[in-house]
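For reference, the structure discussed in these notes is given below.
There are 2 protein chains.
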Amino acid sequence: MYQRTHETDASAQLRLGAGNSVTGLNAHGVVVVCRAKQEIFAAGAMALYCYKVLDGGIRVLKVCRDGRRQILEFLLPGDLLAFGAGDIHATTAEAMTRTTLMRFPRRRMEAMLETDSTLGLEVRKTLSSQLLLAQCHILLLGRKSAEERVASFLLLYAERQIAAAASSDRPMLRQDIADYLGLSGETVSRVLNQMKRQGLVELPAAANIRILDRSSLETLEGDDWERPV
Amino acid sequence: MYQRTHETDASAQLRLGAGNSVTGLNAHGVVVVCRAKQEIFAAGAMALYCYKVLDGGIRVLKVCRDGRRQILEFLLPGDLLAFGAGDIHATTAEAMTRTTLMRFPRRRMEAMLETDSTLGLEVRKTLSSQLLLAQCHILLLGRKSAEERVASFLLLYAERQIAAAASSDRPMLRQDIADYLGLSGETVSRVLNQMKRQGLVELPAAANIRILDRSSLETLEGDDWERPV
DNA sequence: CGCAAGCTTGACGACTATCAACAAAAGTGG
DNA sequence: CCACTTTTGTTGATAGTCGTCAAGCTTGCG
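If you read the sequences in order, they're chains Y and F. Just so we're aligned: 119 in our numbering is position 119 of the first sequence, and the numbers increase by one with no gaps anywhere. Just so we're aligned: 233 in our numbering is position 4 of the second sequence, and the numbers increase by one with no gaps anywhere.
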């Protein structure tokens, strides 16, 4: 809960370019550090703060009564969290590894939106690109086979993780991938190892995936759309 | 392509309240009428316009190379379409029935956002609530059984359709429901008829569904979240 | 009246979840 | 530094859900 100048912010800026600096808000931010698996906020709680990821990784998810889990998105350094308009969080956010965040009071953010149209543009761009990602996610879950889902996932996160690799070793468990893709952990494991046998990927250490044959994966993905920013 | 004063606008206003009037933009809107099944824009096309639905209904969807279809949302009178920040449409929009739209030039809308913070708020609220809906959709597609999906769908659209019933008879084909729920048309038919045998719904005419036992459906839905606005 | 589009129903098979056992890593504490 | 425990990943056997194919049935419309 202590103020700190943001050492890690430089790498964060690097990812999404200068445009995504949450302009004037930085002055009102507080740096918060979360340990692995710590909950940042829970579904149903008052949305008092919004966040920017500086270092580490976050999963955003929904849970059913009976424990079924669906991950909605993985956030990496540079990404914004909880900039929606709702006063109550509809999702839960958890740190995947030790994670550093910049935290902003939502009331102050909304006040700034009244006058600062640049901030407004940033927020709109964030919401827009989250929506585009969600739409691709919907197509994936609704109409793709297990193999296509894994291929899509690898291609989507490959680029991002290269950029985030500096900050931490790929913090992505099989079960997290499964809960993102709407599959079981076993199925993800099977598909990945089949891809390994076909020479499409390498699995050096567990929780570490290296793409060897990107174009074959693109064929498998069976898709049509322009990948969103 | 002719200007017209919006006769149907009153019922549209009724749905989402006075807040959702796309404030100053109305002056720059043109009323457009689409016949059933007409494409409003295609994925990949330049996003020149944004729209507000005045009457009828629209489906927004994505298609794979091999023809698999996934519907992302159904839009009803009062809903806004294509207010995202991207310059290229990532989705296709089609009229489900004869549909009346108000069409706004995006460049002008974006220009107004520079100064009009009320419009900015409206756009942010629209994007936010679309994102909430998308997140529920992701949970549904990733983790729910066919029966749970249909129950969720009925509950989600029941309220909306009561409001929209005035404008047109439920324009929803089994195949559209199936493509929204990530199921086959046959499965949707089977689940609906099973629900009918259990006295949960009535199926007076094809493409017409009446809910008889809402609370049982809520149990079936197997969910936990606060339904979004 | 007859055709076309959409809906229902059944039979069958494919895909993927579940269960279970084991292997491999990663912590943990002596 | 090494047993020990816990967590995570792999692999196989089995079963269930849902997609596909096909036929027949309704409904609406020309």
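Glycine included, C-beta positions come from ideal geometry on N, C-alpha and C. All figures in this text were calculated on a predicted structure; none of them were measured in a lab.
Item, Value
"Quick check: what's the CA-CA separation for Y/A47 versus Y/L154?", "32 Å"
"Do you know how far the Cα of F/D405 is from the Cα of F/L421?", "14 Å"
"Tell me whether the beta-carbon of F/T326 lies closer than 8 Å to the beta-carbon of F/L290.", "no"
"Taking the Cβ atom as the reference point for each residue, do F/S381 and F/D452 lie within a distance shorter than 8 Å?", "yes"
"In chain order, what residues of the stretch 346-360 of chain F put their CB closer than 7 Å to some CB of chain Y?", "S346, G349, V352, R353, K354, L356, S357, Q359 and L360"
"Skipping 5 residues on each side, what residues in its chain have a beta carbon closer than 8 Å to that of Y/G199?", "L212 and D213"
"Any beta carbon from chain Y within less than 8 Å of F/L342's own beta carbon?", "yes"
"Establish whether the CB of F/K291 and some CB of chain Y are separated by less than 8 Å.", "yes"
"Could you list the residues in the stretch 295-306 of chain F with a C-beta less than 8 Å from some C-beta on chain Y, going in chain order?", "D295, R297, R298, Q299 and L301"
"For a contact meaning CB atoms closer than 7 Å, what does F/I367 contact in chain Y?", "Q70, L72, A134, H137, I138 and L141"
"Flag Y/Y219 as yes if its beta-carbon sits less than 8 Å from any beta-carbon of chain F, otherwise no.", "First, the amino acid is wrong: residue 219 of chain Y is Thr here, not Tyr. It does not: the Cβ of Y/T219 has no partner Cβ on chain F nearer than 8 Å."
"Whole-angstrom Cβ separation of F/R332 and F/V261, contact assumed at under 8 Å?", "5 Å"
"Interface residues of chain Y around F/T416 at Cβ under 7 Å?", "Result: empty, since nearest Cβ-Cβ is about 13 Å, beyond 7 Å."
"Quick one: complete beta strand (DSSP E) runs, 3+ long, within the stretch 328-393 of chain F?", "328-334"
"Below 8 Å on the Cβ atoms is my contact criterion, and I expect Y/I58 with Y/T99 to pass it. Report the Cβ-Cβ distance as a whole number of Å.", "6 Å"
"Note the first and the last residue of the continuous alpha helix (DSSP H) segment covering Y/R174.", "R174 to L181"
"In chain order, what residues of the same chain lie with their CB nearer than 8 Å to the CB of Y/Y49, ignoring the 5 residues before and after it?", "F41, A82, R103, F104, P105 and R106"
"Using beta carbons (cut-off 8 Å, strictly below), is F/G253 in contact with chain Y?", "no"
"Tell me whether the beta-carbon of F/G315 lies closer than 8 Å to the beta-carbon of Y/L132.", "yes"
"With F/R298 as the anchor, note down where its alpha helix (DSSP H) starts and where it stops.", "Element bounds for F/R298: not the alpha helix (DSSP H) but the beta strand (DSSP E), R298 to L304."
"Under DSSP, the beta strand (DSSP E) around Y/L61 begins and ends at which residues?", "I58 to V63"
"Measuring alpha carbon to alpha carbon, tell me which residue in Y/L76, Y/L25, Y/H89 and Y/E94 is nearest Y/E159.", "Y/L76"
"Note down the Cα distance separating Y/L127 from F/R426, rounded to an integer number of angstroms.", "43 Å"
"Leaving out five residues on either side along the sequence, give the residues of the same chain with a beta carbon under 7 Å from the beta carbon of F/M401.", "A436"
"On the CB-based measure, 16 or more other CB atoms within 10 Å of its CB, does Y/R35 come out buried or exposed?", "exposed"
"Does F/A363 pass the burial test, meaning 16 or more other C-beta atoms within 10 Å, or should it be called exposed?", "buried"
"Return the CA-CA distance between Y/A45 and Y/V63, expressed in angstroms with no decimal places.", "14 Å"
"Nearest CA to the CA of F/Y409: which residue from F/Q423, F/K266, F/Y280 and F/Y386?", "F/Y386"
"Between the C-alpha atoms of Y/L183 and F/E339, what's the straight-line distance to the nearest angstrom?", "40 Å"
"Helix, strand or coil: how does DSSP classify F/L446 here?", "helix"
"When you compare each of F/A256, F/A322 and F/M424 to F/F303 by their alpha carbons, which one comes out closest?", "F/A322"
"Which same chain residues, not among the five before or five after F/R403, have their C-beta less than 7 Å away from its C-beta?", "G414, V417 and S418"
"Measure the C-alpha to C-alpha separation of Y/S216 and Y/E147 and round it to an integer number of angstroms.", "12 Å"
"Using only the alpha-carbon positions, how far apart do F/E351 and F/L254 sit?", "11 Å"
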